[in-house]
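*Asks:* Have a look at the structure that comes next, please.
There are 2 protein chains.
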Amino acid sequence: MARQADRRAALRMRLIDAAERTIAAEGLAALKARDLAREAGCAVGMIYNLFAHLDELVLCVGSRTLAMLEVVLASARSPEGEGSSEEAVAELVRLALAYLDFAAAHTIRWRALFEHRMAPGRPLPEWFIEQQRVLFAQIERPLTALLPEFDRGARRIFARTLFSAVHGIVALGLEEKLVSLPMPDIRTQLAATVRAIAAGRAELRAAARGPAQS
Amino acid sequence: MARQADRRAALRMRLIDAAERTIAAEGLAALKARDLAREAGCAVGMIYNLFAHLDELVLCVGSRTLAMLEVVLASARSPEGEGSSEEAVAELVRLALAYLDFAAAHTIRWRALFEHRMAPGRPLPEWFIEQQRVLFAQIERPLTALLPEFDRGARRIFARTLFSAVHGIVALGLEEKLVSLPMPDIRTQLAATVRAIAAGRAELRAAARGPAQS
DNA sequence: CACCGCGTTGAACGCCGTTCAAGAAAAACA
DNA sequence: TGTTTTTCTTGAACGGCGTTCAACGCGGTG
Chain U
10 MARQADRRAA
20 LRMRLIDAAE
30 RTIAAEGLAA
40 LKARDLAREA
50 GCAVGMIYNL
60 FAHLDELVLC
70 VGSRTLAMLE
80 VVLASARSPE
90 GEGSSEEAVA
100 ELVRLALAYL
110 DFAAAHTIRW
120 RALFEHRMAP
130 GRPLPEWFIE
140 QQRVLFAQIE
150 RPLTALLPEF
160 DRGARRIFAR
170 TLFSAVHGIV
180 ALGLEEKLVS
190 LPMPDIRTQL
200 AATVRAIAAG
210 RAELRAAARG
220 PAQS
Chain R
10 MARQADRRAA
20 LRMRLIDAAE
30 RTIAAEGLAA
40 LKARDLAREA
50 GCAVGMIYNL
60 FAHLDELVLC
70 VGSRTLAMLE
80 VVLASARSPE
90 GEGSSEEAVA
100 ELVRLALAYL
110 DFAAAHTIRW
120 RALFEHRMAP
130 GRPLPEWFIE
140 QQRVLFAQIE
150 RPLTALLPEF
160 DRGARRIFAR
170 TLFSAVHGIV
180 ALGLEEKLVS
190 LPMPDIRTQL
200 AATVRAIAAG
210 RAELRAAARG
220 PAQS
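Going down the list, the protein sequences come from chains U and R.
Per the working numbering, residue 10 is the first one in the first sequence, and the count goes up by one each step.
Per the working numbering, residue 10 is the first one in the second sequence, and the count goes up by one each step.
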């Protein structure tokens, strides 16, 4: 029968579910092979028949987190057809705030996405990198209207810079150490920063083409 | 004799030195109690007579990294007495680039500063937080000239936002995953972003005072 | 020289991810 | 169906980790 394969697939799912629950509730460090096996109802060794190592399981959970982010960011999109740069800036602000809200609502699982490092020597699998690229594409989309004269490469660089800045503000904003701001203040800081970077896009295009300066 | 205390102090230093070498060369994950003891010439148990736990040793190395950063950022200061806002912006750009250069030159030890998490339940010691505050003060200094009408609190918030954005760009810029930019491009992106945020300071002040908006 | 208190030691503890010999279950065959 | 072969599953065992603590030895004292 094909029962065997079904049971394996079901167990695989149960393991990912269990890992997801743990990571979302207690963070990466709380993920233990023995707990996982007990919760999914199998032997510890079975985990290694279905996954190469625990890192792979962590990546599966990370993939789910990225999927959640995709949905959230998609809901920040502008209505079709609008092409003004004001609307593009507004969309970028909505994207940034949506990112902040997601990180605030799912802090622990969101942190796991960035704290996790593969064991040395094992690179990130291609499918995971591809999923990140898909997310980045959501940022590049409104940039087409905002920066019509940029080529694809320059837009990608701009998107990268913008995301990095937004991510930095969100990450430090949710950190408990250092005097932390109340959430509404973080929101306004973030929105203002995105608008400022968008307003300074001329310089950033020059930067994306020309060489460095001291 | 007081010989005993001297020997203990010397051993303490040797342990911190060994930990620093390891963290700078191979990163946080490579730090092992047994290696440390061997390298410093003592028993594993001795480490726990001089430090409460390995985390404390990691913090000592982190403190040295922060001290290195203080020196590097201090060298980006403007000459005394200059008070124009153009000069203030230039100083902020120099600070950001100095930060980037430091992170690029000492990537592994710099990463250790941010990747490290205390064991659950044990908060960061006050002296460590204070040292971070001193560093932040270096950013707030040029802001006095740039934002004379801001009160101290608003300046602190602006400094925090600015640093977060800079840190984000530096951190993602040095990440190997995702298409990575050549260093000169990162420099120009970073400089342009700092100038853009500084140029948008009016909005950021409003943000630091007023309430949030969607 | 004998004694004692205390700083130092490293074997031992508990926990971790990962492996693999052996047992159980399924498949193939007669 | 009974028997053999293959394949999957299991959990005790392995090596390595941070941390502890009973025991040891050494410096200071009587």
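Idealized CB from N, CA, C, for every residue including glycine.
Note that the structure is a prediction, hence the values are computed from the model and not measured.
In three-state DSSP terms, what is U:Ala27?
*Replies:* Note: U:Ala27 maps to helix in three-state DSSP.
*Asks:* When DSSP labels each residue in this structure, what does R:Met55 get in the three-state scheme?
*Replies:* Correct three-state label for R:Met55: helix.
*Asks:* Would you list, in chain order, the members of the region 86-101 of chain U that have their beta-carbon closer than 9 Å to a beta-carbon of chain R?
*Replies:* Answer set for the region 86-101 of chain U: empty.
*Asks:* Measure the alpha-carbon distance for R:Cys69 versus R:Arg23 and round it to whole angstroms.
*Replies:* Approximately 12 Å between the Cα atoms of the pair.
*Asks:* Following the continuous alpha helix (DSSP H) through U:Ser72, name the residue where it begins and the one where it ends.
*Replies:* Where U:Ser72 is concerned, the enclosing alpha helix (DSSP H) stretches over 63-83.
*Asks:* Would U:Ile138 pass as a contact of R:Gly177 if the rule is Cβ separation under 8 Å?
*Replies:* Contact flag unset, no.
*Asks:* Give, in chain order, every unbroken run of the alpha helix (DSSP H) that is at least 4 residues long and sits entirely within the region 99-156 of chain R.
*Replies:* Within the region 99-156 of chain R, the complete alpha helix (DSSP H) runs of at least 4 residues are 116-124, 135-155.
*Asks:* Which chain R residues sit within Cβ distance under 7 Å of U:Glu149?
*Replies:* Near U:Glu149 there are no residues of chain R at all, since even the closest Cβ is about 12 Å away, more than 7 Å.
*Asks:* Between which two residues does the alpha helix (DSSP H) containing R:Phe60 stretch?
*Replies:* Premise fails: R:Phe60 is in no alpha helix (DSSP H) and is neither H nor E.
*Asks:* Between U:Pro151 and U:Glu100, how many whole angstroms is the CB-CB distance? I'm expecting something under 8 Å.
*Replies:* The Cβ separation is near 4 Å, so the contact holds.
*Asks:* Compute the minimum distance between the beta carbon of R:Arg210 and the heavy atoms of the ligand GDP, and state whether it is under 7 Å.
*Replies:* The model depicted lacks the ligand GDP and carries no ligand whatsoever.
*Asks:* Mind the definition here: the region 121-140 of chain R touches the region 81-94 of chain R only if three or more C-beta pairs lie below 8 Å; say whether that holds.
*Replies:* Output reads no: the region 81-94 of chain R does not touch the region 121-140 of chain R.
*Asks:* In the DSSP assignment, find the unbroken alpha helix (DSSP H) run with U:Phe172 in it and report its ends.
*Replies:* It spans 161-183 - the alpha helix (DSSP H) in which U:Phe172 sits, taken as one unbroken run.
*Asks:* For a contact defined as C-beta to C-beta under 7 Å, what are the partners of U:Ile117 on chain R?
*Replies:* Going along chain R, no residue has its Cβ under 7 Å from U:Ile117, so there is no contact; the nearest lies around 12 Å.
*Asks:* Quick check on the burial criterion: 16 or more other C-beta atoms within 10 angstroms. Buried or exposed for U:Ser173?
*Replies:* The residue is buried, with at least 16 neighbouring Cβ atoms inside 10 Å.
*Asks:* Please name the residue in U:Arg214, U:Ala208, U:Leu213 whose C-alpha comes closest to that of U:Val98.
*Replies:* Closest by alpha carbon: U:Ala208.
*Asks:* Give a yes or no on whether 8 Å exceeds the smallest Cβ distance from U:Glu212 to chain R.
*Replies:* Cβ-Cβ to chain R under 8 Å: yes for U:Glu212.
*Asks:* Using CA atoms only, rank isn't needed, just tell me which of U:Ser93, U:Arg17, U:Phe111, U:Gln13 is closest to U:Met192.
*Replies:* Checking every option, the nearest Cα to that of U:Met192 belongs to U:Phe111.
*Asks:* Does DSSP put U:Leu190 in a helix, in a strand, or in coil?
*Replies:* Correct three-state label for U:Leu190: coil.
*Asks:* Let me know if R:Pro220 comes out buried or exposed under the rule of 16 or more other beta-carbons within 10 Å of its beta-carbon.
*Replies:* Bear in mind that a pLDDT of 45 at R:Pro220, under 50, signals an unreliable position, so the number given afterwards is only what the model happens to contain. R:Pro220 should be labelled exposed.
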